[in-house]
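Once you know that position 5 of the sequence shown is 3 in this note's numbering, the rest is easy, because the numbers rise by one and skip nothing.
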Amino acid sequence: MSMNILLCGVGGQGIVLASRVIAAAAMNRGERVLSAETIGMAQKGGSVFSHVRIGEDAMSPMISLGEADLILGFEPAETVRMLPYLREGGKVVVCEDPVMPASASLLGEEYTGAGMVERIKSVTGEVISVKGRDRCADLGSAKVLNLVMLGEAVRSGGLGFTMDEVRDAVKERVKPEFLQLNLRALESEENI
């Protein structure tokens, strides 16, 4: 199996932990994994993206343009920015809830995720849109968006791992005092 997964969003959304869970699931399977994080502003709200490459043919941790099998987008505008990395036929799992950048806030501009999600859908037909803010509210914590998104990626089939494989990796990477909440987030599903 060869898989290129690009995670993107803003600081404070748990992207680095999510990428480490994916890498752990792959290593537990005996797969070769290369990964790298790119962090814009090292604070909450700055751009963050993580490349995870799985498979023997991965020679560099960075995914080239047009090679991502899956984009796991925690913020819609950041997901739009990463679309050039998506391969034809690739899949996008995106949280539809925007995080307003400081520049838009200072200018008093309107900033919504709906138009960005529509843009993503115009580029690829394989889009799963997640109401992350609502799901996190149902779970009682905004800090589990990363596990909500990983759960959706597993259910979509785009991640290439079973729920059991990801659950085992979460158990390895999450502190015991936060484990049950994170497992509930991983297994939570959209209320329709």
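From the three backbone atoms N, C-alpha and C, an ideal C-beta is built for every residue, glycine too.
Please list, in chain order, all residues of the same chain as residue i whose beta carbon is under 6 Å from its beta carbon, the five residues on each side excluded.
{"i": "Val128", "result": "Cys93, Glu150"}
{"i": "Glu73", "result": "Gly7, Val8, Val97"}
{"i": "Met161", "result": "Val152"}
Skipping 5 residues on each side, what residues in its chain have a beta carbon closer than 7 Å to that of residue i?
{"i": "Val172", "result": "Asn180"}
{"i": "Val164", "result": "Val19, Ala23, Leu148, Val152, Leu184"}
On a Cα-Cα basis, can you pick out the residue from the options that is closest to residue i?
{"i": "Glu35", "options": "Arg27, Leu81, Gly44", "result": "Gly44"}
{"i": "Ser154", "options": "Val125, Leu32, Lys141, Ile37", "result": "Val125"}
{"i": "Glu54", "options": "Arg27, Leu68, Phe176, Gly71", "result": "Arg27"}
{"i": "Leu70", "options": "Ile13, Glu188, Asp162", "result": "Ile13"}
{"i": "Phe159", "options": "Gln11, Ser48, Ile52", "result": "Ile52"}
{"i": "Val46", "options": "Ser139, Gln11, Phe176", "result": "Gln11"}
{"i": "Ile118", "options": "Arg79, Ala135, Glu188, Gly156", "result": "Arg79"}
{"i": "Gly111", "options": "Thr122, Asp95, Val121", "result": "Asp95"}
{"i": "Tyr109", "options": "Ala75, Ile37, Val90", "result": "Ala75"}
{"i": "Val115", "options": "Ala140, Gly87, Leu81", "result": "Leu81"}
{"i": "Lys89", "options": "Val121, Glu187, Ala135", "result": "Val121"}
{"i": "Arg182", "options": "Leu145, Leu157, Glu170", "result": "Leu145"}
{"i": "Val91", "options": "Gly113, Gly123, Ser62", "result": "Gly123"}
Would you kindly report the start and end of the unbroken beta strand (DSSP E) that includes residue i?
{"i": "Thr36", "result": "31 to 37"}
{"i": "Phe47", "result": "45 to 52"}
{"i": "Leu15", "result": "Segment 13 to 26 is the alpha helix (DSSP H) holding Leu15; no beta strand (DSSP E) there."}
{"i": "Leu5", "result": "1 to 8"}
Got a sec, what are the start and stop residues for the alpha helix (DSSP H) residue i sits in?
{"i": "Ser154", "result": "143 to 154"}
{"i": "Ile61", "result": "From DSSP, Ile61 is part of no alpha helix (DSSP H); its letter is neither H nor E."}
{"i": "Leu177", "result": "174 to 185"}
{"i": "Asp166", "result": "161 to 171"}
Got a sec? Which residues, its chain only, sit under 8 Å from residue i by beta carbon, not counting five neighbours each side?
{"i": "Arg85", "result": "Asn2, Gly64, Glu65, Ala66, Asp67"}
{"i": "Ile190", "result": "Model confidence at Ile190 stands at a pLDDT of 49, short of 50, so the residue's coordinates are unreliable; what they give is reported in the following sentence. So no residue of the chain qualifies."}
{"i": "Leu199", "result": "Residue numbering for the chain in the displayed model covers -1 to 190; residue 199 lies beyond these limits and cannot be assessed."}
Would you say residue i reaches chain D, if we count a Cβ-Cβ gap shorter than 8 Å as a contact?
{"i": "Leu145", "result": "Of the protein chains in the structure, only one exists, and it is not chain D."}
Decide if residue i is buried, meaning its Cβ has at least 16 other Cβ atoms within 10 Å, or exposed.
{"i": "Met57", "result": "exposed"}
{"i": "Ser0", "result": "exposed"}
{"i": "Gly130", "result": "buried"}
{"i": "Gly113", "result": "exposed"}
{"i": "Gly87", "result": "exposed"}
{"i": "Leu177", "result": "exposed"}
{"i": "Arg30", "result": "exposed"}
{"i": "Val16", "result": "For the sequence presented, residue 16 should be read as Ala rather than Val. Ala16 is buried by the Cβ-count criterion."}
Can you list the alpha helix (DSSP H) stretches of 4 or more residues lying completely in the segment 70 to 137, in chain order?
-> 74 to 80, 100 to 105, 112 to 121, 130 to 137
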